Amino acid sequence: MLFRLYCALVRLMPASFQREYGEEMRRVAQDQWEERAPYEGRLGALAFWGRESLAILRVAAGLHRHENGTGGMTMDGFRHDLRHAVRALKRRPGFTALTVFTLALGIGATTAIFSAVHTVIIEPLPYADASEVAVLLRSHALTGERSQGVSMANMRDMRDASTQFEAMAVAEPWSMDLQVDGLAVSLRTWAVSRGFFEAIGGRAHIGRTITDTDYDEGVASIVVLSHREWVNRFDSDPGIVGSTLTLDGGARTVIGVMPAEFRFPDAAAAWIPRAEQPWDDNSRAADYLTGVARLRDGASFAQGEAEVEQLAASLASSYPQVNEDLAYEVIPLRDYLVGSVRTPLFVLMAAVGFVLLIACANVAGLMLARGAQRERDYALRGALGAGTGRLVGHVVAESLVLALAGCVLGVGLTYFGVAVIRALGPDHLPRIEQLSVDGTVLLFAVAAAATSAVLSALAPSWKLSRPNLRDALGDGSRGSGGGRNEARARSRLVVSQVAGAVVLVVGAGLLLRSFAVLLDQELGFAAKDRVVLQIFAYDYESDEDRQAVIQQAIDEMKALPGVTGVAMTSNLPSSTDGVIANIEITVPFTISDRAPPPEGQEPITAISSVSPDFFDVMEIAVVDGRAIDATDNVDATPVIMINEAFARRHFGDVSPIGERILVRYGQNPVDREIVGVVGDTRPTGHASQPRPEAYYPLAQAGSGSLTFVVAADRDAESLIQPAMEAVWSANPAQSVYGATTYEALVGSWLQERRFNLVLLTVFSLIALALSAIGIYGLVSFSVERRIGELGIRRALGGRSTDLVGMVVGQGARLAAVGLVIGLGAAWYLSRFIQGMLFEVAPTDPLTFAGLGALVFFIAALAATVPALRAVRVDPVEALRSE
Amino acid sequence: MDPSALRRAAEGHLPLTHVVYHVLLSLAGRARHGYGIIKDVEERTDGRLVLEAGTLYAAIKRLRDDGLIDARPTPDGADARRRYYGLSKLGSAVLEAESLRLAELVEYARGAQVLPASGG
Chain R
432 MLFRLYCALV RLMPASFQRE YGEEMRRVAQ DQWEERAPYE GRLGALAFWG RESLAILRVA
492 AGLHRHENGT GGMTMDGFRH DLRHAVRALK RRPGFTALTV FTLALGIGAT TAIFSAVHTV
552 IIEPLPYADA SEVAVLLRSH ALTGERSQGV SMANMRDMRD ASTQFEAMAV AEPWSMDLQV
612 DGLAVSLRTW AVSRGFFEAI GGRAHIGRTI TDTDYDEGVA SIVVLSHREW VNRFDSDPGI
672 VGSTLTLDGG ARTVIGVMPA EFRFPDAAAA WIPRAEQPWD DNSRAADYLT GVARLRDGAS
732 FAQGEAEVEQ LAASLASSYP QVNEDLAYEV IPLRDYLVGS VRTPLFVLMA AVGFVLLIAC
792 ANVAGLMLAR GAQRERDYAL RGALGAGTGR LVGHVVAESL VLALAGCVLG VGLTYFGVAV
852 IRALGPDHLP RIEQLSVDGT VLLFAVAAAA TSAVLSALAP SWKLSRPNLR DALGDGSRGS
912 GGGRNEARAR SRLVVSQVAG AVVLVVGAGL LLRSFAVLLD QELGFAAKDR VVLQIFAYDY
972 ESDEDRQAVI QQAIDEMKAL PGVTGVAMTS NLPSSTDGVI ANIEITVPFT ISDRAPPPEG
1032 QEPITAISSV SPDFFDVMEI AVVDGRAIDA TDNVDATPVI MINEAFARRH FGDVSPIGER
1092 ILVRYGQNPV DREIVGVVGD TRPTGHASQP RPEAYYPLAQ AGSGSLTFVV AADRDAESLI
1152 QPAMEAVWSA NPAQSVYGAT TYEALVGSWL QERRFNLVLL TVFSLIALAL SAIGIYGLVS
1212 FSVERRIGEL GIRRALGGRS TDLVGMVVGQ GARLAAVGLV IGLGAAWYLS RFIQGMLFEV
1272 APTDPLTFAG LGALVFFIAA LAATVPALRA VRVDPVEALR SE
Chain U
32 MDPSALRRAA EGHLPLTHVV YHVLLSLAGR ARHGYGIIKD VEERTDGRLV LEAGTLYAAI
92 KRLRDDGLID ARPTPDGADA RRRYYGLSKL GSAVLEAESL RLAELVEYAR GAQVLPASGG
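Chains as they are written, first to last, in my numbering: chain R, 432 to 1313; chain U, 32 to 151.
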C-alpha cells in the first residue's frame, strides 16, 4: 500500500528522469525497506515511506524547475518555492484558514484516536511476559455465555494436574475496612492464592509482592497496596513499606506497593494472601473467583487451551452434580483486558482515517481549482517556452506549508481531543488515565500531516504536470465551460468525499438508532433522584446490633431534607461492580406441589432480600397479590415474591399466588409461600434481559451485604455525602463501600456506547460538512467558469429556475454517484460494527434510506448557493468579461 | 586533458553539497550500485546520513549530467538489473579538490584555535 503510493509519486518526476532512474529508485527504496522491515513496526513503515515520499516531492519539484531552466538544484529552489507558497497563502487568508483548519481537524482527530489506540491496545502490558498469561473464564456449555470465575476446588485440581502451566492462582474479592481518622474506609482488596503474582507477572514498585513463603505457616498478616492508594492515602510515602495498618480490626504489615499500571483484577486497591477456607473443598459451585494462569516456558497458547478444555471435561465427569455443562476457557490477558474495546477503537480509528482522507480531498480540490484558474496563464507561458514544472513545485510547496500549519494546529487539537477522550471514555478502558500526547503520538501526527501533504498534492500535481495546452487555450478562446480536465478530477474527489461521508453518517446513524432503542428499554424501576449506597455489615456481635445500626442509619437518612423514602436490598438491580458491587446470587429451586426434577436439573432463580418499602421506593409495580410488608417478620409465615419473568416461565397464565416454592438458599431452606408478583427489572443495564427473580423479606433472610436506596424529591447528587454521614453517625466503624446517584450507576452501563456514539457522530458531521464544502466549491468554480455561458442564456431569455436547476443538477448528479458508492460501501462495512449495535440490523433499511436522503439533501443545498448566484449574473457584465 | 586543465575544470564544480560529496566519496576506488551507495554512506556516517532514494537519484542524475560519474558494466555474478556507477577522471579530481578545500578549511580553523592543533 505504502509502496504503491510511493510508486505513484515516482511518476511525478519528469518523464526523462523516470525513464532513466524510475525503476532503480523503486528497487532501491524497496531494498532499503526490506532490510529494515524486520525491526520496524507499522509506525516505522509510515515514517520510512513518509520520508521517502517527501524526498520525491522535493526532488520532483526541483527537477521540474531545473528542466525548465528556471532555478537551481533541489534544495535552494525548493526553499524559494516554500517562501513563495507562504506569500501566496498569505494573500488568500480565507482559503488558507479554511484549508489549514480542515487539515488540522483531520490530523487532530486522527491523532487523538491514535493516542487511545496506542495506549490502550498497542503498548506492551505492564506484566512480565504478558503473552504467557491467561485468564480463566467459565463458559456455560448450553448457553455459551462466558462468565468470569472458577471455584477454589476446581482451580486446585486443575493446577495439580496441569503440565502446560507453571502457575495457576485465584483472586477472591475481599473488601476490607481501613481505619483512617477514626472512620472506616472500604478498601477493595483481593485475597490471592499461592502463586498469584508469579502467574500474573507483577513486580512491586517498592518493597515486594506476596511470595510462596507467606503461605507456609498459616497466611502472613501482610498487605500489598496499589499505587493509587499509596499516592492518595499515604502521600507516596516510601516509608510505608514495613509499617502496620489496621485492616478489618487486625494489624497487617505493608510489604510492598505495586506500580501504577498494575491493576489486576479490576480496580484493586490492595492484595492480601488468601487463607485456605474450610468450604474450599466442597464448594465447587462457588465460581466467583478470578482465575489466572501462566504458561510454562515453551508451551503454546493452543496447548494451554487444549489442556484446560480437557481438565474441565475431567472435572465434569468427576463431579457431575456441580460441574455438569462445565467448560473452562483460557483467553490471553490482553484479550481479557482490552477485548471489548478493541473493535470500537479500531472502528473509530477507521472513521477518523476517513475524515482525514475527506479533508485531504477537499484540500486537493481547492488546489486544483486554484491551479485551473491560473492554467491559461501557465499554458500560455508553456507555449512561449516555459514549462509547467513550476506549477507542480508550487502545488507541492503549498501543500507542505498547509500540512505543516495543519499539523501544528492539529497537535493543539489533539491535546483537546485527548482530554475529551479521558473525560468521556468508559472507565474500563484500560490505562485510559495514562492517555497522553507523547513522542510516538506526535510522530504519528507528523506522519499523518506528511500523508495528507502527499495526498492533497498528488491529484493536482499529477494533473498539472500533464497540462493539455490546446484545451487550456482552446477553452478560453471558445469562451465556454473550460477546465474540463480539472472539473473531472475535482468531480471524482467530490464523489469520493460524498461516498466517505455517507459511510460515516450511516455508521453513526446505526449507533444512534441503537442508542435510542436502548434508552427506550424500560428499566422496570425508577433511577432518577435516587442515591444508592452500599455497605458490608458483617462485623457485628449479633443480628440485633446490626439491625439497630441500620435502623438508625435509615432514620437519619429519612430525616434529610427532600428525602421521600429509604429502602434496602441485598442486591441492587443494574449495579456494576464499579461503585456498587454486584452481589448476584443465583440458586436452584423447586415448586413444592410438583414432582421434583432430577437432581442437578432444577430451575434457577436470582434472589435478593429486600425491605418492605423496597418496591415503593424503586417504583416497581406489584402486578399480582401483595408486596412484602412489616408483618413479614421472622416469626411470621415464610413468604417470597417473584417477578413476572419467573411467573411466566414457571406458572404460565395461572396466578402463582399461594403456591409454595423451596429455594435452596441459606442454612435451612424452607418452603415459602408466594404472596405477590412484581414487574421485571433489568439486572445489568438497558441492554440486559429480565430473568426470573425472587425476593425474600429482609426480616426473614438477613444479609450483611446491603444497599440503601434513598429517594428524594430533588436532585440526588447533593444527598450522597449526607447519606454516607448518616451511616457513620450510626456507627463510625461501619465503612461505606460505595455511594452514588442511581442515575449515574445506570448510566455507566451506557458509557461505552455513549463514548462511541458521540465520537462517531462528531466525525460523521465533520465529514458531512467537509463534503458539503467540497460540492459547494466545485459548483461555485464551475459557475464562475461558465459565467459567460450563463450570461448568454440569461440574455436569450433563459428562465431563472431552469438555470438554477441546471447548476444544482450538476452538484446533485455527483452527490447521487457518491451516494450510491457510499451506501454500497456502508452496506459492506457496517458488519464490522455489528457488535456495537443493539436490536438494529447493520443493514437497517430505515437508517440507510433516511441518512442517504439527508446526505443528498445537504449536497443539493450546497450546490444551491452558487446556483442562486448564477441567476443574479448580469448578462451584459458576463459578456463583457469575455 | 593535462593535469592543470583537469584541476581547473574540477575547481569549477566546487563547493559540493553535503549529499554530493558523500556520494562521490562512496564511489572513490570502486563502483557501486544505488543501494550500495546508500548503505556505504549510512555506515560511514554511523547512520547520521541516510539518503532517500529520491535524493540519491537526483544527485546521480546531476553528477552524470556534469560528467563526474558514469555508468559501469555490472560485475560478473551481480544482479544484472542493478546499474553500477563509478567516478570519472573529472569526478576523482573534483573529489580530491573538494577534500583539499575542506582540509584547508580545517587548517584555518586550527589556526584560529577553533579546533585543537593537529597531531593529537
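Ideal Cβ placement from N, Cα and C applies to all residues, glycine included.
None of these values were measured; they are calculated from a predicted model.
| field | Distance between residue 118/U and residue 453/R (C-alpha atoms, nearest Å) | value | Near 22 angstroms, if we compare the C-alpha coordinates of residue 118/U and residue 453/R.
| Does DSSP classify residue 907/R as helix, strand or coil? | In this predicted model, residue 907/R has a pLDDT of only 43, less than 50, meaning its place in the structure is not dependable; the value taken from the coordinates is given anyway. In the structure shown, residue 907/R sits in a helix (DSSP, three-state: H, G or I).
| said: Please classify residue 1126/R as buried or exposed, where buried requires at least 16 other C-beta atoms within 10 Å of its C-beta. | reply: Buried is the call here.
| Taking 8 angstroms as the CB-CB cut-off, is residue 74/U touching chain R? | Not an interface residue.
| message | Any beta carbon from chain R within less than 8 angstroms of residue 65/U's own beta carbon? | response | At least one chain R Cβ lies under 8 angstroms of residue 65/U.
| residue 720/R bridges to which residues according to DSSP? | Partner(s): 581/R.
| Using a Cβ-Cβ cut-off of 6 angstroms (strictly less than) and excluding sequence neighbours within five positions of residue 957/R, which residues of its own chain qualify? | Around residue 957/R: 1050.
| said: So, does the region 931-939 of chain R touch the region 1242-1258 of chain R, judging by three or more C-beta pairs under 8 angstroms? | reply: Verdict: yes, contact present.
| field | Continuous beta strand (DSSP E) stretch holding residue 1253/R: start and end | value | Looking at the DSSP string, residue 1253/R is not in any beta strand (DSSP E); the run it does join, the alpha helix (DSSP H), is 1231-1260.
| request: Identify the continuous beta strand (DSSP E) that holds residue 610/R and give its terminal residues. | output: 607-611 is the extent of the beta strand (DSSP E) around residue 610/R.
| said: Output needed in chain order: residues of the region 1219-1246 of chain R with a Cβ under 8 angstroms from some Cβ in chain U. | reply: From the region 1219-1246 of chain R, no residue has a Cβ closer than 8 angstroms to chain U.
| In this structure, does DSSP put residue 1126/R in helix, strand or coil? | Strand, per DSSP.
| Closer than 8 angstroms, CB to CB, is residue 449/R near chain U or not? | With 8 angstroms as the cut-off, residue 449/R does not count as an interface residue toward chain U.
| Shorter than 8 angstroms from the beta carbon of residue 494/R to some beta carbon of chain U? | By this cut-off, residue 494/R is an interface position.
| query | Between residue 692/R and residue 627/R, what straight-line distance do the alpha-carbon atoms span, to the nearest angstrom? | reply | Taking the straight line joining both Cα atoms gives about 17 angstroms.
| message | Which residues of the region 83-108 of chain U have a Cβ closer than 8 angstroms to any Cβ of chain R? Give them in chain order. | response | Those would be 83, 84, 85, 86, 87, 88, 89, 91, 92, 93, in chain order.
| task | Take residue 1023/R and list the residues in its own chain whose beta-carbon comes closer than 8 angstroms to its own, dropping the five residues that flank it on each side. | result | Only 1090, 1091, 1092, 1093, 1102 meet the Cβ criterion.
| query | Between the C-alpha atoms of residue 1077/R and residue 624/R, what's the straight-line distance to the nearest angstrom? | reply | Each residue's Cα considered, the two are about 38 angstroms apart.
| Can you list the alpha helix (DSSP H) stretches of 4 or more residues lying completely in the region 1127-1151 of chain R, in chain order? | Runs of alpha helix (DSSP H) with 4 or more residues, each lying fully within the region 1127-1151 of chain R, are absent.
| query | Could one say the Cβ of residue 483/R lies closer than 8 angstroms to chain U's Cβ atoms, at least one of them? | reply | It does: the Cβ of residue 483/R has a partner Cβ on chain U nearer than 8 angstroms.
| In terms of residue numbering, what span does the alpha helix (DSSP H) encompassing residue 541/R cover? | In the DSSP assignment, residue 541/R falls within the alpha helix (DSSP H) that extends over 524-548.
| said: Counting only Cβ pairs nearer than 7 angstroms, list the residues of chain R close to residue 132/U. | reply: At a C-beta separation below 7 angstroms, residue 132/U has no neighbours in chain R, since its nearest C-beta there lies roughly 19 angstroms away.
| field | Length of the line joining the Cα atoms of residue 1037/R and residue 1021/R | value | The alpha-carbon separation between residue 1037/R and residue 1021/R amounts to approximately 13 angstroms.
| field | Those residues which DSSP pairs with residue 1326/R across a bridge | value | Residue coverage of chain R in this structure runs from 432 to 1313, which leaves residue 1326/R outside it and unanswerable.
| field | Inter-residue spacing [alpha-carbon to alpha-carbon] between residue 485/R and residue 69/U | value | Residue 69/U has its alpha-carbon roughly 17 angstroms from the corresponding atom of residue 485/R.
| message | I'd like to confirm something about residue 1305/R: is its beta-carbon nearer than 7 angstroms to some heavy atom of the ligand COA, or not? | response | Here there are no bound small molecules, and the ligand COA is not part of this structure.
| Chain-ordered chain R contacts of residue 114/U [CB-CB under 8 angstroms] | Against chain R, the beta carbon of residue 114/U has neighbours under 8 angstroms at 455, listed in chain order.
| query | Any idea which residues DSSP pairs residue 1020/R with across the strands? | reply | Beta-bridge pairing links residue 1020/R to 1094/R.
| query | Would you say residue 878/R reaches chain U, if we count a Cβ-Cβ gap shorter than 8 angstroms as a contact? | reply | The C-beta of residue 878/R comes no closer than 8 angstroms to any C-beta of chain U.
| said: Please report the straight-line C-alpha distance between residue 768/R and residue 48/U, rounded to a whole angstrom. | reply: Cα to Cα, the separation comes out at about 54 angstroms.
| said: Can you find the residues in the same chain that come closer than 6 angstroms, C-beta to C-beta, to residue 1162/R, ignoring five residues on each side of it along the sequence? | reply: The residues are 980.
| task | Can you give me the start and stop residues for the beta strand (DSSP E) that residue 702/R sits inside? | result | Per DSSP, residue 702/R belongs to the beta strand (DSSP E) from 701-704.
| Are there three or more Cβ pairs, one per stretch, closer than 8 angstroms when the region 1155-1175 of chain R is compared with the region 981-991 of chain R? | With a cut-off of 8 angstroms, the region 981-991 of chain R and the region 1155-1175 of chain R count as touching, because enough Cβ pairs lie within range.
| Thinking C-alpha only, which one of 125/U, 74/U, 71/U is nearest residue 36/U? | When each option's Cα is compared against that of residue 36/U, the closest is 125/U.
| task | Taking residue 617/R as part of the beta strand (DSSP E), name the residues at either end of that continuous run. | result | Here the beta strand (DSSP E) through residue 617/R covers 614-618.
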